[in-house]
Amino acid sequence: MTRDMTLSQATLGTDGLLRKALLVLGGSAFIAIAAQISVPMFPVPMTLQMLAILLVGFAYGSKLGAATVLAYLAEGLMGLPVFANAMNGAAFAGPTAGFLIGFVAVAYVAGLAAERGVAKGFVGTAVAAIFASALVYIPGVIWPMAVASSFGIEGGWVGIGWDKIWAWFMGPFLIGDTVKALIAALIVSGAWKVLRKA
Numbered sequence: 606m607t608r609d610m611t612l613s614q615a616t617l618g619t620d621g622l623l624r625k626a627l628l629v630l631g632g633s634a635f636i637a638i639a640a641q642i643s644v645p646m647f648p649v650p651m652t653l654q655m656l657a658i659l660l661v662g663f664a665y666g667s668k669l670g671a672a673t674v675l676a677y678l679a680e681g682l683m684g685l686p687v688f689a690n691a692m693n694g695a696a697f698a699g700p701t702a703g704f705l706i707g708f709v710a711v712a713y714v715a716g717l718a719a720e721r722g723v724a725k726g727f728v729g730t731a732v733a734a735i736f737a738s739a740l741v742y743i744p745g746v747i748w749p750m751a752v753a754s755s756f757g758i759e760g761g762w763v764g765i766g767w768d769k770i771w772a773w774f775m776g777p778f779l780i781g782d783t784v785k786a787l788i789a790a791l792i793v794s795g796a797w798k799v800l801r802k803a
């Protein structure tokens with residue numbers, strides 16, 4: 606296995622438009638299902654959406670992983686209830702729109718780490734997963750602080766200060782995102798161990 610091979614390439618091969626289309630369709634369905642699963646956790650329950658996005662990125666690589674998340678977002682925009690709590694494209698007018706957009710960067714960076722050979726062992730994969738997960742907070746925070754109002758969106762969450770951004774959009778989710786990053790690292794590094802033994 607070459608250093609820049611992803612899990613999907615190692616198991617399914619590298620050629621074929623149909624294969625890629627099926628991976629995108631299957632990956633977007635996987636993310637949609639994971640978004641509906643809520644796990645009790647302190648201080649807020651966590652969905653498994655970010656875990657699924659990390660796994661898709663690590664397994665598919667940067668371009669196919671990002672394309673899969675874009676397909677997932679397009680499904681929501683078309684009205685399918687694929688986002689957390691069975692939300693659809695209406696979520697793009699809500700406080701979490703920035704996070705939805707940030708998911709593309711998460712999958713891309715996780716995929717890039719896989720392609721560069723960083724995401725094969727637990728430690729490298731965990732570091733890459735934590736870094737990729739942190740990227741979601743950039744558009745996630747910029748959206749309610751500054752961007753939503755420029756689109757004419759109004760609400761109690763638009764244009765709020767840093768203290769509320771931390772309390773509502775960041776602090777409660779950091780533990781859950783770290784746990785999901787570590788779980789992704791366990792799954793990905795475990796899959797590579799199995800493939801090496803096969």
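This note's numbering numbers the first residue of the sequence shown as 606 and each following residue consecutively. Every residue, glycine too, gets a C-beta built ideally from N, C-alpha and C. These numbers were taken from a predicted model, which means no experiment stands behind them.
Simplified DSSP assignment, three categories, for residue i
i      : result
PHE756 : coil
THR611 : coil
VAL741 : coil
THR652 : strand
VAL644 : strand
ARG721 : coil
GLY699 : coil
THR590 : Residue 590 cannot be examined here, being either before or after the span of the chain that is shown, 606 to 803.
Terminal residues of the alpha helix (DSSP H) in which residue i lies
i      : result
THR673 : 667 to 682
TRP767 : 767 to 770
TRP797 : 776 to 802
PHE688 : Counting along the chain, PHE688 falls outside any alpha helix (DSSP H), and DSSP gives it neither H nor E.
Per-residue burial, residue i [other beta carbons within 10 Å of its own, 16 or more giving buried]
i      : result
MET683 : exposed
LYS798 : exposed
PHE756 : exposed
GLY666 : buried
PRO650 : exposed
MET655 : buried
ASP620 : exposed
Residue nearest to residue i in terms of C-alpha spacing, selected from the options
i      : options                        : result
PHE708 : SER794, PHE688, PRO777         : PHE688
GLY761 : GLY776, ALA615, ALA698         : ALA698
THR730 : GLY618, LEU659, GLY631, ALA615 : LEU659
TYR742 : TRP767, GLY716, PHE774         : PHE774
GLY694 : ALA712, VAL711, LEU675         : LEU675
Any non-hydrogen atom of the ligand ADP within 7 Å of residue i CB
i      : result
PHE756 : This structure does not include the ligand ADP; it has no bound ligands of any sort.
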